[in-house]
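From first to last, the protein sequence lines stand for chains A, B, C, D and E.
Residue 1 is where the first sequence starts when you use the numbering used here, and the numbers rise one by one after that.
Residue 1 is where the second sequence starts when you use the numbering used here, and the numbers rise one by one after that.
Residue 1 is where the third sequence starts when you use the numbering used here, and the numbers rise one by one after that.
Residue 1 is where the fourth sequence starts when you use the numbering used here, and the numbers rise one by one after that.
Residue 1 is where the fifth sequence starts when you use the numbering used here, and the numbers rise one by one after that.
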Amino acid sequence: MRGKIPNMDQLLQHILNALILGGTYALLGIGLTLIFGIMRVVNFAHGELYAFGAYMMYLWVMVLGANFYLALPLAVLLGVMLGAAMELVLLRRLRGADIDTTMLVMIGAWITLQNVEQMTWSGVAKSINTPFPSSPLVLGSVSLSWNRLFVFVVALALIGATYAVINRTKLGKAMRATFQDRDTAALMGVDINWIHTATFALGSGLAAAAGALLGPVFVVVPTMGDLASLKAFAIVILGGLGSIPGATIGGFILAFMEELGAGYVSSGYRDAMGFLLIIVILLVKPTGLFAQKERIG
Amino acid sequence: MKQGLTIAWLLFLASVPLWLNNLYVLHVLIMAGIFIIAAMSLNLLLGYTGQLSLGHVAFFGIGAYASSLASLGFAVHLLPDWQVSVDPKPVWFSMLCGTLIAGLCGWAIGRLSFKVRGAYFVIVTVSFAEVIRLVALNWVELTQGPMALNNIPYLRLGIPGLFELSFLRKPANYYLVLAVGVICYVVIRRLVHSRAGRAMIALRENEPLAASVGVDVTRYLVLATIVSAGMAGAAGALYAHYVRIVDPDVFLFIYTVTMVIMVVTGGKGTLAGPIVGGAIFGLLPETLRALEAPPEVQWVTYGVLMVLVVYFLPDGIVPALRNWWHGRSAVAAAPAPEQASTEAAR
Amino acid sequence: MSTSQPDRELVVDGLSIRFGGLTAVESMSFHVAKGEILSLIGPNGAGKTSAFNAITGYIEPNGGTIAYRGIRLNGLKPSQIAAHGVVRTFQKTSVFMGQTAFDNVLLGLHLASRQRPLAIIFALPSVAREEKELAEEARRILAFVGLEARGALLASSLPYGELRLLEVAIALAAKPRLLLLDEPVSGMNPSETASFMQILARIRALDITVLLVEHDMKMVMGVSDRVICLNQGRIIADGPPAAIQSDREVIRAYLGERYTRAQD
Amino acid sequence: MLKIEGLVCRYGKVAAVRELSMEVAQGELVSLIGANGAGKTTTLKAISGVLPPVAGRITFLGEDITRAAPKRILQLGIAHCPEGRRVFPHMSVLENLEMGSYLRADRADITTDMQNLFERFPILHSRRHQAAGTLSGGEQQMLAISRALMSRPKLVLFDEPSLGLAPNLVERTFEIIKGIRAQGVTVVMVEQNAFAALELSDRSYVLDQGRVTMTGTGSELLNNPHVKAAYLGA
Amino acid sequence: MMSRTFKTALAVLGATLLAATASAQDTIKIGVTQPLTGAFAASGTYVMQGAKIAEEQINKAGGVLGKKIQLIVEDNKSNPTEAVSTAEKLIVREKVPVMLGAWSSTLTLAVMPKLEEYKVPMLVETSSSGKITTSGNPYVFRISPTSEMEARAFTPLVKSLGIKKADFLATNNDFGLGASKEFSEMLKRENVQIGTMEVMDPKATDFSAQLAKIKASGSDTLFVTTAVEQITLILKQAKDQQVTARIITTGGSNSPDQLIQQAGDAANGSSHLVFFTPWFPEAVKNPDIARTFVALWNEKKHHVGGLTEGFRGWDGIYTIVEGIKAAGKAEPEAIQKALWGVKVKGINGDIAFIKQGPAGRESAQNVPSVYLVKIDSGKVIRQ
């Protein structure tokens, strides 16, 4: 039947799309909130780890012919390792340096990684095959692909797992303690260097996971990380630095703004939504929507 | 002595088109010069007030677009039935407009974004540049969007009927860039050696202390942003009328990064730093091109150099050279205290 | 409330400061008379530095008014307050570390200078003339605190005691009429403290009123005209040094029983 | 028990401790007094391994710990209760205490220790789920002390335990420290309240510009005219 | 390591110098500026590969005017400023008398003032913006169709396909917006209702919002204009969201082979406007040339999906060489004059130029052929 589909259905489809998109945005956001929010490293290379995860997925599935479900954890693991290596090589010797210095180094890392990716894989977009059925899941008048549903479920699971690690485990407590007061945490016997590496690796792993999940949904290109980085910053600032629930909610808010903005305002400005949001939020409430109050002085 | 050296340098730079008959190299020098002006302007913010603005390319782009649009003329509908149209203006006037509009944007952005500092300030400036890029991309009626503004007229100066200087050829453009560069250099130099520059340095070194001796923080940050944005806008205008095409890609983040690398490598907070850094990174792409290196290699070189500079030359090339030189001359004769003090202020 | 009595230079009335749920200062009222040296003492966290910050505009008080010579200071920026002649130093050593001692004072001379941006850009002769005068003035101020021989040295290479003097020189460059000093001799040895007390006497001779926060009782009792003791955000005593030293409340809250015994 | 010889520590180019030597015997309560910047806190940091010394030698129970990691030093039995309490403000009281037992694996004993502390400081028990940053100054001090005890130390370093506390709380804090010593734990304390510190301690070292200028028992120093003049404000 | 790099650099430098002096007499240089990196890297590379094949064939056949031709290829990095730099380098430094370039309209428009400045003709092989030939630049010779020509060629198909209402989804640049404008105007003239006209950033990967809107508009046909990577994603996502409209892509940069490979069965049922049909060379006007080209392309093991782009390079170089032959000498002005008269049998069809733009300053425009193909069960079929 082809005729007028009522506008309610369009809205429902937009909402469904935003929910699915929000899950991966949240994943990107909590990865960055660990690094930017807790470590106070403005990690411009975050998006490169996202791209790295996607390329590793491509490598395993399309080049080496590995099983899709096996390739996913492998890609994430490699992301964790790359993150750990970056922390060890680039950031360890800058411990205690000011935020501008680490930022410049991370910009250097970003440019280098992206262009190494470009040299390795060329600029041609790659797509990754999935084991999911190609016909979508239809729910009444709206529909979504099985692949996206899978991404959404895995993203939520990862967010939950991260939340548990940070709040329930000894490692998570040590992380929080370290970034609240590094010297005192050291006095408690926490190995500060290990915590820095672990935190950066965990954040990187989450970015790689987002890339590995979204790579098969979209296409894989070397520049895919740029927008991902900037959106992750928007999400983290939206949610308040270092707040995992904030980053999760921030991810969904950004997804809804983009989806509804593109659907009802102008699709050309879709990617501007995040930036406008950052500017407005920082001007109105500079600490983000969900930041904790701290005593100054 | 010092002045003599400056004049010798100037004479040398002015003589370049006379003996250099390779127009391509001259083209490279002009492009490098435009970027050096932009880097000098960024240095005022980054080096003297200590604010890491990563949206600087926005002012460059705004200058380029404003100048191009003024010289080409345009008509836009601000409301469905309210059209604003501007007739083409002379290029010299357009370039002035570009500079002023960029400065005006600097004022507005400065007022807004200096409410936040540190990482937040960086993200706000990045977002600002990105929003401007998206506006340039999507406001097709004004900017032609990705179709770019083409056939931008080149600069002509003169009195009608008497004589006319046309800036179509390269040597003329070279002198134009050189002249603007020298003006910007002189303005920055005077500024940083004055009350205003000292206020900026005070803010960079210790903001609460600066405020306690009466430095109006916002006022001087905004002043620095206006001057810096205006100069970046002038560089953008030069670019627009030399390359004669402006597209939304002039707002790409990578250009800001290039300017930051130039300033940091050369030495932020020094007058010569951005010139040295700008010369190195302005000529590097062409050197790599001559070596037939793929462009990725150029960017990887940028990235690796950036990391290495932060590690090994955290203050940049110019301060490192100066320290080395002082170390040498200190062996020969201890410097007069007065001289040392003015050196450090630079 | 009268805020413009002639001898009352600074009037703080009902000042309250809270951080989140914590109260740092609770309806504090006091005044500083023209020409006196008034000391604020009390345990750490009693609200002395918070009061300093509120007077000089670094934090917004939650309640109360601060008036200087009848001018309300609430809501003004630190730089505006400085322009009215209320200048402070900081508890943690605070100078322009990357600059020479001479340039530190030159940076401090911001309010003494009148150059406009356009005049600077066009290098009007008035600018050069003023620059010369400023350099002279900077040298005079360095000499005043006894650092004239240190002008060309980077601040970061000065020893601790001289850094604290440089801090005072920077504050003096801002031409204060009311100078607020936050623990100026903390960390100084007794001889440095003694020479600082002499400088303080000379500052007073310049008709500058001083509000002092200090832990060093010898210094406080030696230089102050009047002492106010704070505890947990409230004023518990206000009077001349001798009275404070024997005030039971002050002894209990701040000096401790043992202090009186040690005096004996 | 603890022996320091010729300790030199620097922050960048600035020397904070120059050639300092001292000794602490088992079960003693030793205090370090001196002006700000005399090197007291730096000495404690060097002992607990937070600030590796430039020169000198520190031994604890016969083992050289001069450049050992903080973790190793804590394992050997030295806990450091830092200046300004330094509780983890966004973590709960319970989590703060758990951080204190970070290196211990004996879960059952940890629970017992925590219960003992809660009995001693009931206020901490009633606030165990509250973020530590919302506690009052005195409560934070109790938490900081309790946290240090959670590692079951043989030696505790206290840095300015009375700093910023109301006088009655200062008394209370000193009582607690006395109690800790009474349980057989050795204590080294840095205190700006020189009078109280000298009263409390078995022995004291007077520091000036990174060197030990005087040493003796608490009462000896209390009656020393030079100490009276310089540090007791008399 | 360092010295090795340095030696290589020296060797390259030496070789370039030698080549420059040696080749001055016996080769004719042709400048090529293409996007070999950046957003359009794939397409630019294909064009360059097609041009290289033509170079080889021409030199095998004895070159032109008794000399061999030599392509000087510069990467314009998909960036207009870089495009200007490559033009500077090719004209000023390499002294090429004629160029091929610069793929996208933005890049071509960027180079055009330089053509006028140095009076060097350029053969435009891909760009579709009308502005290129209407702005009064007499050094522009375009063999690719404008969007308007494409739309006009499509007119008869409106009836046969039974289009009643159409939506547009186009990349936000000259290529996409130009096509949307020309096709919608053409459709209006044919009394077809226009639904929603959506745009997307050239780098965007998620079109769910646009597709939800398009789905709601209920049109029977969706015109899509963008590069092949985005078309792949649009086909997949349209299927996910059950967009039932027939998808027709325009602009010729749509490589149906690549779509079949990457979009799988989501590509089935979509139609594509192309300027070369390598699947059935017999359909084009000069089938022999087309077959030769396909054979050479496959021999080189170039990506099969690149044929629909690569042929432009071939046609471009052959046209240029024809121009040089007619001019009788390798000088810019002579070639510019001679190109007006050439008649070339190309892969796309017969190439000849008509005048466009303001009188006295006309640009040259070829009238190329346009073909519509359809993907059905993973195969490209004629429509």
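Note that beta-carbon positions come from the ideal geometry of N, C-alpha and C, so glycine has one too.
Practice problem: Could you check if E/Thr322 is buried or exposed, using at least 16 other CB atoms within 10 Å of its CB as the buried criterion? | Solution: Your numbering for residue 322 of chain E matches position 322 in the fifth sequence. One point to set straight first is that residue 322 of chain E is Glu, not Thr, in the sequence displayed. Note on E/Glu322: 16 or more other CB atoms within 10 angstroms of its CB, so buried under the neighbour-count rule.
Quiz item: Do we get a CB-CB distance below 9 Å when we pair A/Ile111 with the residues of chain B?
Solution: For the purposes of this step, residue 111 of chain A is taken as residue 111 along the first sequence, with counting starting at 1. With 9 Å as the cut-off, A/Ile111 counts as an interface residue toward chain B.
Exercise. Say whether chain D places a C-beta atom closer than 9 Å to the C-beta of C/Met97.
Key: Here residue 97 of chain C refers to the residue found at position 97 of the third sequence. Chain D, which has no Cβ nearer than 9 Å to the Cβ of C/Met97, makes this no.
Self-check item: Classification of E/Thr21 by the beta-carbon crowding that lies within 10 angstroms, buried from 16 upward
Solution: Mapped onto the fifth sequence, residue 21 of chain E falls at position 21. Low per-residue confidence applies at E/Thr21: pLDDT is 44, beneath 50, and the placement is therefore not dependable, though the value from the model is reported in the following sentence. Looking at its Cβ environment, which holds fewer than 16 other Cβ atoms inside 10 Å, E/Thr21 is exposed.
Quiz item: Going along chain E, which residues have a C-beta under 9 Å from A/Gly223?
Solution: Looking up residue 223 of chain A in the first sequence gives position 223. The question names Gly, but residue 223 of chain A in the sequence shown is Thr. Those are Gly38, Ala39 and Lys203, listed as they occur along chain E.
Quiz prompt | Beta-carbon separation (whole angstroms), A/Ile128 vs A/Met56, contact threshold 8 Å | solution = As a working mapping, residue 128 of chain A is identified with position 128 in the first sequence. As a working mapping, residue 56 of chain A is identified with position 56 in the first sequence. Going by Cβ atoms, the distance from A/Ile128 to A/Met56 rounds to 10 Å, so no, they are not a contact pair.
Practice problem: Express the C-alpha separation of D/Gln183 and D/Ile73 in angstroms, rounding to a whole number. | Solution: As a first step, residue 73 of chain D is located in the fourth sequence; it is residue number 73 there, counting from the start. As a first step, residue 183 of chain D is located in the fourth sequence; it is residue number 183 there, counting from the start. Roughly 21 Å between the two C-alpha positions.
Quiz item: How long is the line joining the alpha carbons of B/Ala148 and A/Leu277, rounded to whole angstroms?
Solution: Locating residue 148 of chain B in the second sequence gives position 148, counting from the first residue. Locating residue 277 of chain A in the first sequence gives position 277, counting from the first residue. Each residue's alpha carbon lies about 27 Å from the other.
Quiz item: Whose Cβ in chain A lies nearer than 9 Å to the Cβ of E/Asp376?
Solution: Translated into positions along the fifth sequence, residue 376 of chain E becomes position 376. The contacting residues do not exist; E/Asp376 stays about 16 Å from chain A at best.
Practice problem: List the residues of chain A whose Cβ lies closer than 9 Å to the Cβ of E/Ala427, in chain order. | Solution: This structure leaves residue 427 of chain E out entirely; chain E is present only between 1 and 383.
Quiz prompt | Beta-carbon neighbours of C/Thr56, restricted to chain B and to distances below 9 Å | solution = On the third sequence, residue 56 of chain C is found 56 positions in, with the first residue counted as 1. Those within 9 Å of C/Thr56 in chain B are Ala211 and Ser212.
Quiz item: Name the DSSP bridge partner or partners of E/Arg246?
Solution: For the purposes of this step, residue 246 of chain E is taken as the residue at position 246 of the fifth sequence. Under DSSP, E/Arg246 takes part in a beta bridge, and its partners are E/Thr221.
Quiz prompt | Distance between beta carbons of E/Glu55 and E/Leu36, contact taken as under 8 Å | solution = Along the fifth sequence, read from residue 1 onward, the residue named residue 36 of chain E stands at position 36. Along the fifth sequence, read from residue 1 onward, the residue named residue 55 of chain E stands at position 55. Distance from E/Leu36 to E/Glu55 at the Cβ level is roughly 16 Å; contact not present, criterion being Cβ atoms closer than 8 Å.
Quiz item: Any chance the segment 175 to 191 of chain B sits against the segment 44 to 54 of chain C, with 3 or more Cβ pairs inside 8 Å?
Solution: As far as the Cβ criterion goes, the segment 175 to 191 of chain B does not touch the segment 44 to 54 of chain C, which means the pair count is below three.
Practice problem: Check the DSSP bridge columns for E/Met122 and list the partner residues they point to. | Solution: Against the fifth sequence, residue 122 of chain E aligns to sequence position 122. Paired residue(s): E/Met99 and E/Val140.
Quiz item: So what does DSSP say about C/Phe90, is it helix, strand or coil?
Solution: Along the third sequence, one-based indexing puts residue 90 of chain C at 90. Assigned with DSSP and collapsed to three states, C/Phe90 falls in coil, not helix or strand.
Quiz item: Can you give the Cα-Cα distance for B/Thr256 and B/Phe60, rounded to whole angstroms?
Solution: Within the second sequence, numbered from 1, the residue matching residue 256 of chain B stands at position 256. Within the second sequence, numbered from 1, the residue matching residue 60 of chain B stands at position 60. Per the coordinates, the alpha-carbon of B/Thr256 lies some 9 Å from the alpha-carbon of B/Phe60.
Quiz item: Which residues, taken in chain order from the segment 208 to 223 of chain E, show a beta carbon closer than 8 Å to some beta carbon of chain A?
Solution: Taking 8 Å as the Cβ-Cβ cut-off against chain A, the residues of the segment 208 to 223 of chain E that qualify are Ser208, Ala209, Gln210, Ala212, Lys213, Lys215, Ala216, Gly218 and Asp220.
Practice problem: Determine the direct distance from the alpha carbon of A/Ala155 to that of A/Thr162, and round the result to whole angstroms. | Solution: Translated into the one-based positions of the first sequence, residue 162 of chain A becomes position 162. Translated into the one-based positions of the first sequence, residue 155 of chain A becomes position 155. Between A/Thr162 and A/Ala155, the C-alpha separation is close to 11 Å.
Quiz item: Is the beta carbon of D/Thr134 within less than 8 Å of some heavy atom of the ligand ATP?
Solution: By its list of ligands, the structure shown contains no ligand whatsoever, and the ligand ATP lies outside what it can speak to.
Self-check item: One or two residues paired with A/Met188 in a DSSP bridge
Solution: As a working mapping, residue 188 of chain A is identified with position 188 in the first sequence. Per DSSP, none; premise fails for A/Met188.
Practice problem: Report the rounded CA-to-CA distance for B/Ala237 versus D/Asn96, giving the unit in angstroms. | Solution: The sequence position of residue 237 of chain B within the second sequence is 237, counting from 1. The sequence position of residue 96 of chain D within the fourth sequence is 96, counting from 1. Roughly 59 Å between the two C-alpha positions.
Exercise. List the residues of chain A whose Cβ lies closer than 7 Å to the Cβ of B/Ile123, in chain order.
Key: Start at 1 with the first residue of the second sequence, and residue 123 of chain B comes out as number 123. Scanning chain A for C-beta atoms nearer than 7 Å to the C-beta of B/Ile123 yields Phe233, Ile237 and Ile278, reported in chain order.
Quiz item: Listing by chain order, which chain A residues have their CB less than 9 Å from the CB of E/Gly229?
Solution: What you label residue 229 of chain E is simply residue 229 of the fifth sequence in a count that begins at 1. According to the sequence displayed, residue 229 of chain E carries Glu and not Gly. Proximity of chain A to E/Glu229 at the Cβ level (cut-off 9 Å) is accounted for by Val124, Ala125, Ser127, Val219 and Val221, in chain order.
Quiz prompt | Assigned exposure category for B/Phe12 - 16 Cβ within 10 Å defines buried | solution = On the second sequence, position 12 is the one that residue 12 of chain B refers to. Exposed, because fewer than 16 other Cβ atoms sit within 10 Å of the Cβ of B/Phe12.
Quiz prompt | Unbroken alpha helix (DSSP H) run spanning D/Thr213, endpoints | solution = Locating residue 213 of chain D in the fourth sequence gives position 213, where the first residue counts as 1. It is not in any alpha helix (DSSP H) - D/Thr213 instead sits in the beta strand (DSSP E) that spans Arg211 to Thr217.
Quiz prompt | Any 3 or more C-beta pairs closer than 8 Å across the segment 145 to 160 of chain E and the segment 175 to 195 of chain E | solution = Taking 8 Å as the limit for Cβ pairs, the verdict is that the segment 175 to 195 of chain E does touch the segment 145 to 160 of chain E.
Exercise. In angstroms with no decimal places, state the Cα-to-Cα distance between A/Ile20 and A/Leu49.
Key: What you label residue 20 of chain A is simply residue 20 of the first sequence in a count that begins at 1. What you label residue 49 of chain A is simply residue 49 of the first sequence in a count that begins at 1. As the crow flies, the alpha-carbon of A/Ile20 is around 21 Å from that of A/Leu49.
Quiz item: Skipping 5 residues on each side, what residues in its chain have a beta carbon closer than 8 Å to that of A/Ala66?
Solution: Taking the first residue of the first sequence as position 1, residue 66 of chain A is located at position 66. Annotation for A/Ala66: Trp60 and Leu74 place their beta carbon closer than 8 Å to its own, counting only its chain and skipping 5 residues before and after.
Quiz prompt | E/Asn79 (DSSP reduced to helix, strand or coil) | solution = The sequence position of residue 79 of chain E within the fifth sequence is 79, counting from 1. In the three-state scheme derived from DSSP, where H, G and I count as helix and E and B as strand, E/Asn79 is classed as coil.
Quiz item: Under three-state DSSP, which class holds E/Lys60?
Solution: Within the fifth sequence, numbered from 1, the residue matching residue 60 of chain E stands at position 60. Look at E/Lys60 here: in three-state DSSP terms it is helix.
Quiz item: Are the C-beta of C/Gln91 and some C-beta of chain B separated by less than 9 Å?
Solution: The residue given as residue 91 of chain C occupies position 91 in the third sequence. Taking 9 Å as the threshold, the shortest C-beta distance from C/Gln91 to chain B does not fall below it.
Quiz prompt | Test: A/Arg93 CB closer than 9 Å to a CB of chain D | solution = Taking the first sequence and counting its residues from 1, the one referred to as residue 93 of chain A is at position 93. Chain D, which has no Cβ nearer than 9 Å to the Cβ of A/Arg93, makes this no.
Quiz item: Counting contacts by CB-CB distance shorter than 9 Å, is A/Gln180 in contact with chain D?
Solution: Within the first sequence, the letter at position 180 stands for residue 180 of chain A. Look at A/Gln180: its C-beta is under 9 Å from a C-beta on chain D.
Quiz item: If we call anything under 9 Å between Cβ atoms a contact, is E/Asp257 one with E/Val380?
Solution: Here the question's residue 257 of chain E lines up with position 257 in the fifth sequence. Here the question's residue 380 of chain E lines up with position 380 in the fifth sequence. It is a contact, given that the beta carbons lie within the stated cut-off.
Practice problem: To the nearest angstrom, report how far apart C/Thr209 and C/Val86 are at their CA atoms. | Solution: For the purposes of this step, residue 209 of chain C is identified with residue 209 of the third sequence, where counting begins at 1. For the purposes of this step, residue 86 of chain C is identified with residue 86 of the third sequence, where counting begins at 1. Near 10 Å, if we compare the C-alpha coordinates of C/Val86 and C/Thr209.
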